[in-house]
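Using the working numbering, read the sequence shown as starting at 503 and increasing by one per residue.
Structure, as structure tokens:
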Amino acid sequence: MSNTLKKANWRLFVVSAVCALFFCVAPSARAAEGGRGSVTDGANEIFKWINFAIVAAVLIWFFLKKSPVWFRGNADKISSAITKATAAKQEAERQVEEAEAKLANLKLEIAALQAAAKREAAEEGERIRALAEGDAKKVGIAAQAEIDAAERAARLELKALAASLAVDGAESLLARQLTPAAQESLVDTFVKSLEGRPN
């Protein structure tokens, strides 16, 4: 116990003893005023007050002896509870701050994801458009090749038809112009050309 607490306990004990003595002396003074029969009653009253003072002094002493320890234990418990509550409050505040920071970051992350999705969608659209243009060019080239092939085939067929018509026309012209006299003249010319050749 500290000196201050001991002094306070001692003062309280002295004050209690003075009060008890006052309560003991007051009835005896009354008894002295009342006469002899009152002296016995007064003595009994004094013993009762002395007995009360002793019991009160013991109780006060016990209270003063044990209460600081009890109060100190309670103060320690309360101090510990306050410390734990303060730590729990600080932890809760830290968690709230973390949650708020995560929420703010979540908004930024969502905005970044949306921007990335838009960018990827634009890139994918561009890639699909480029593929479509490439496919369209390939289809155009293939169509042009088919057109060119069909045109060549048509020209060849047209040439064959023209040649066939020319042959038919030449045959009919020849048939009209080749009379028996003309045939004989051709044979004679051919024979003469053969005669002039050396063997």
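Every residue gets a Cβ at the ideal spot worked out from N, C-alpha and C, and that includes glycine.
TODO: Output the boundary residues of the alpha helix (DSSP H) element that contains Leu680.
DONE: In the sequence shown, residue 680 corresponds to position 178, counting from 1. No alpha helix (DSSP H) holds Leu680; DSSP gives it neither H nor E.
TODO: Count the other CB atoms, across all protein chains shown, that sit within 10 Å of the CB of Trp572; report buried if there are 16 or more and exposed otherwise.
DONE: Within the sequence shown, the letter at position 70 stands for residue 572. Counting Cβ neighbours within 10 Å, Trp572 comes out exposed, since fewer than 16 surround it.
Task: Neighbour-count burial assignment, Gly642, 16 or more Cβ in a 10 Å radius - done: Position 140 of the sequence shown, counted from the first residue, corresponds to residue 642. Around the C-beta of Gly642, fewer than 16 other C-beta atoms lie within 10 Å, and the residue is accordingly described as exposed.
Open item on the list: At the level of alpha carbons, what is the spacing between Ser687 and Leu675?
Closed with: Taking the sequence shown and counting its residues from 1, one reaches residue 687 at position 185. Taking the sequence shown and counting its residues from 1, one reaches residue 675 at position 173. The alpha-carbon of Ser687 is positioned some 17 angstroms away from that of Leu675.
Open item on the list: So, at 6 angstroms on beta carbons, what are the nonlocal neighbours of Glu626 in its own chain, with the 5 sequence-adjacent residues on each side left out?
Closed with: If you number the sequence shown from 1, residue 626 lands on position 124. The answer is none, since no qualifying residue turns up.
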